[in-house]
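Residue numbers (the numbering used here), protein chains in the order written: chain A, 1 to 517; chain B, 1 to 166. Everything on this sheet refers to the single structure shown next.
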């Protein structure tokens, strides 16, 4: 029996179950293995042959297809942990990661919760209580209020007067959630009703709660967020900022660290505000305090994400700190072991979110089988992927396939590395946003570091695209492929090529869980 | 066999000459008229699913994969799709001017009526798919000649939702 890393920690654990799927489950399961911990994955019917199942020591099937039966089913997840001998649960992001009742249930089941205290989750998860707490702690907030419609009252009247108090333009948000779902902009009163109804419907569908929060929309602002780390011994530090200003309908597209708009003085001020925000809720673990940064360098608290973020790798690349490992250590009750002065910035990192979506058709999610999936390699290139070659992309889940992260000594060098790496990322069989990502990253507005959060939504996306290839050449290549019988070669090549990335070369059993139509 | 670049216009026919696995284009027609064939030679690369493509003397590597009637091509850092057609076949089954569901989902809202005139880009209906709302917009101006579904209906990918006539 080998001794695990946290055997003698205040809250010891040795086997982590990840209550999630996709790239983040893969990321955390690998981190667990690297830390010398056991790893347990969970999977729904649709995920039986997904990558995260393969990288874990053990995988537990949670029967069902809907999210409510599987990744949102806290009872089934906890019993999966108990039955598999896991003694800690990491929730990843999304799903149950920001549900305080889940955090409570995990602890009540005698398991270690790899996340912040339930009280911090619930305070920050509720936009109203978060605002109140921030105002009390002296952190500046954006004007806004939650829409409370008394039973039987006319919601339009309440809505209109609330909108007038907050002031146009408005941003309607789901009180219960984030990630762009249930979020709508309203620039003039006549659109208020339709946008409110759409936002409320999306909020109900995504979070089971249609309550809407009405906020004043700051235009021409940047989205700058600060990563914080806190332990259970009273230490709290920040790991600098990430700039996620390049967004489309409030979904982040490219994220980078450091922010081109933040100098060291502003970094210190925002970092201090983020630490204050975290301490105000007794935070522990890794968390992110999101701010809107105005063109005059004023910053306003947006919300705190009490979990690991999708874009956490850019912080890891520029600080050299493994955030998932830190989450494990803090959960085990160990001190951070680093102080604010230890945190530096090394070079520049950019993350591009690779989605199965069609930029030319309103970014509609796309489905299909990834008959070719080759990821770029080289110094300063990291790919956090949730898929392999041969996998089928379905509508069951979020269409994010992978994250491509580059790291280089300077921002211009990182931009060049990003472009090269994106051009070497090959996805055939499913339409992706890879070409769009290249176009946007090369756009002078992004290259000069001057985009604000409204840039993509107010630009004509089709005008971004680079000149098309010569159709005659493409037709000749297709015709030659057909003539040379590449279709047979390509499907026979699946197995060989996918093994390259899974490290299961030559294992005949690998094919048993895969489909090769 | 005829070929078209998806999202592009026109049908190509291609004459290929094969010299020991090194292919070149001897003739090319676009919509029935001869066009200059590209100065190109193509052969298998060492790895499966890859081609060596030499265009006017410069060499490129292409990754290709066939899905249905489509050849997916990755070359020079960009992804393209070229579709194969039976010679003389008409434009797929897609209804002229019809708007089809881009993916499986549910109809949330229908914003137009049969007989209504719409402008290009006008939102016709709203669908929910993958927990997000998507607006289906008119590809061109015209009159709504048919609405195939009602609010709440589940639709499969590719089903025609609306037809627009002149």
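Yeah, the Cβ is synthetic: ideal placement off N, Cα and C, and Gly gets one too.
Kindly indicate the opening and closing residues of the alpha helix (DSSP H) around residue i.
i                      : result
residue 268 of chain A : 264-280
residue 536 of chain A : Nothing can be reported for residue 536 of chain A: it is not among the residues displayed for chain A, which extend from 1 to 517.
residue 483 of chain A : 471-483
residue 318 of chain A : 312-319
residue 196 of chain A : 192-207
residue 52 of chain A  : 51-55
residue 131 of chain A : 127-136
residue 444 of chain A : 444-447
residue 384 of chain A : Residue 384 of chain A -> not in any alpha helix (DSSP H); beta strand (DSSP E) instead, spanning 381-385.
residue 33 of chain A  : 22-34
residue 75 of chain A  : 74-83
residue 101 of chain A : 100-108
Span of the beta strand (DSSP E) holding residue i?
i                      : result
residue 69 of chain B  : No beta strand (DSSP E) contains residue 69 of chain B, which DSSP labels as neither H nor E.
residue 415 of chain A : Per DSSP, residue 415 of chain A belongs to no beta strand (DSSP E); it is in the alpha helix (DSSP H), 411-423.
residue 374 of chain A : 372-374
residue 155 of chain A : Here residue 155 of chain A belongs to no beta strand (DSSP E); instead the alpha helix (DSSP H) covers 155-166.
residue 402 of chain A : 400-408
residue 301 of chain A : 299-305
residue 287 of chain A : 285-293
residue 244 of chain A : 236-248
residue 54 of chain B  : 50-55
residue 19 of chain B  : 12-19
residue 165 of chain B : 160-165
Among residues of its own chain, excluding the 5 on either side of residue i, which ones have a beta-carbon nearer than 6 angstroms to its beta-carbon?
i                      : result
residue 430 of chain A : 356, 366, 368, 370, 393
residue 203 of chain A : 174, 182, 210
residue 167 of chain B : This structure gives no information on residue 167 of chain B, because the portion of chain B shown stretches from 1 to 166.
residue 318 of chain A : 257, 345, 346, 349
residue 82 of chain B  : 3, 5, 71
So which residues on chain A does residue i lean against when the C-beta distance must stay under 8 angstroms?
i                      : result
residue 84 of chain B  : 478, 482
residue 28 of chain B  : 472, 475, 476
residue 119 of chain B : The contacting residues do not exist; residue 119 of chain B stays about 17 angstroms from chain A at best.
residue 18 of chain B  : 483
residue 58 of chain B  : Here the premise fails: no neighbours, minimum Cβ distance about 11 angstroms.
Out of the options, point me to the one whose CA is closest to residue i's CA.
i                      : options                    : result
residue 56 of chain B  : B:41, B:62, B:137          : B:41
residue 8 of chain A   : A:110, A:457, A:281, A:334 : A:334
residue 62 of chain A  : A:53, A:377, A:54, A:77    : A:77
residue 56 of chain A  : A:291, A:331, A:15         : A:15
residue 136 of chain B : B:124, B:142, B:150        : B:124
residue 23 of chain A  : A:308, A:272, A:195        : A:308
residue 117 of chain A : A:382, A:110, A:132, A:98  : A:98
residue 404 of chain A : A:382, A:412, A:398, A:395 : A:382
residue 331 of chain A : A:103, A:68, A:65          : A:103
residue 34 of chain B  : B:54, B:49, B:11           : B:11
residue 395 of chain A : A:246, A:47, A:298         : A:47
residue 127 of chain B : B:139, B:149, B:119        : B:149
residue 470 of chain A : B:67, B:16, B:78           : B:78
residue 577 of chain A : A:311, A:244, A:214        : The requested residue 577 of chain A does not occur in the structure, where chain A is confined to residues 1 to 517.
Report all residues from its chain with a CB closer than 7 angstroms to the CB of residue i; omit the five preceding and five following residues, and keep chain order.
i                      : result
residue 294 of chain A : 218, 221
residue 339 of chain A : 237
residue 434 of chain A : 354, 422, 425, 427
residue 297 of chain A : 266
residue 451 of chain A : 245, 246, 445
Mind listing the chain B neighbours of residue i? Cutoff is C-beta to C-beta under 8 angstroms, in chain order.
i                      : result
residue 429 of chain A : 65, 67, 72
residue 65 of chain A  : What residue 65 of chain A touches in chain B: nothing, since even the nearest Cβ is about 14 angstroms away.
residue 417 of chain A : Per Cβ cutoff of 8 angstroms: no residues; residue 417 of chain A is ~13 angstroms from chain B at best.
residue 469 of chain A : 75, 76, 78, 80
residue 423 of chain A : 76, 77, 78
Listing by chain order, which chain A residues have their CB less than 7 angstroms from the CB of residue i?
i                      : result
residue 139 of chain B : The contacting residues do not exist; residue 139 of chain B stays about 10 angstroms from chain A at best.
residue 5 of chain B   : 471, 474, 475
Please list the partners that residue i has in chain B, where partner means a Cβ-to-Cβ separation under 9 angstroms.
i                      : result
residue 456 of chain A : Those within 9 angstroms of residue 456 of chain A in chain B number zero; the least Cβ separation is about 16 angstroms.
residue 68 of chain A  : Chain B residues near residue 68 of chain A: none, gap ~13 angstroms exceeds 9 angstroms.
residue 177 of chain A : Within chain B, no residue comes near residue 177 of chain A; the closest Cβ sits about 10 angstroms away, beyond 9 angstroms.
What residues from chain B crowd round residue i, counting only those whose CB sits closer than 7 angstroms?
i                      : result
residue 434 of chain A : 79
residue 23 of chain A  : Chain B residues near residue 23 of chain A: none, gap ~17 angstroms exceeds 7 angstroms.
Residues in its own chain within less than 8 angstroms of residue i by CB, not counting five upstream and five downstream?
i                      : result
residue 212 of chain A : 146, 147, 172, 173, 174, 175, 182, 196, 199, 200, 203
residue 121 of chain A : 98, 99, 100, 103, 115, 306
residue 416 of chain A : 408
Output, in chain order, the set of chain A residues within a Cβ distance shorter than 9 angstroms of residue i.
i                      : result
residue 208 of chain B : What is shown of chain B runs 1 to 166, which leaves residue 208 of chain B out entirely.
Which of the residues in the segment 62-74 of chain B, read from start to end, lie with their CB under 7 angstroms from any CB of chain A? 62, 63, 64, 65, 66, 67, 71, 72, 73, 74
Taking beta-carbon pairs under 8 angstroms, can you tell me which members of the segment 366-384 of chain A lie near chain B? 366, 367, 368, 369, 371, 372, 374
Using a beta-carbon distance cut-off of less than 8 angstroms, what residues from the segment 147-165 of chain B approach chain A? 157
Using a Cβ cut-off of 8 angstroms, which residues of the segment 192-221 of chain A contact any Cβ in chain B, in chain order? 198, 201, 202, 205, 206
Taking a cut of 7 angstroms between CB atoms, which residues from the segment 265-287 of chain A lie near chain B? none
Listed in chain order, which residues of the segment 38-59 of chain B have Cβ atoms closer than 7 angstroms to some Cβ of chain A? 38, 40, 42, 44, 48, 49, 51, 53, 55
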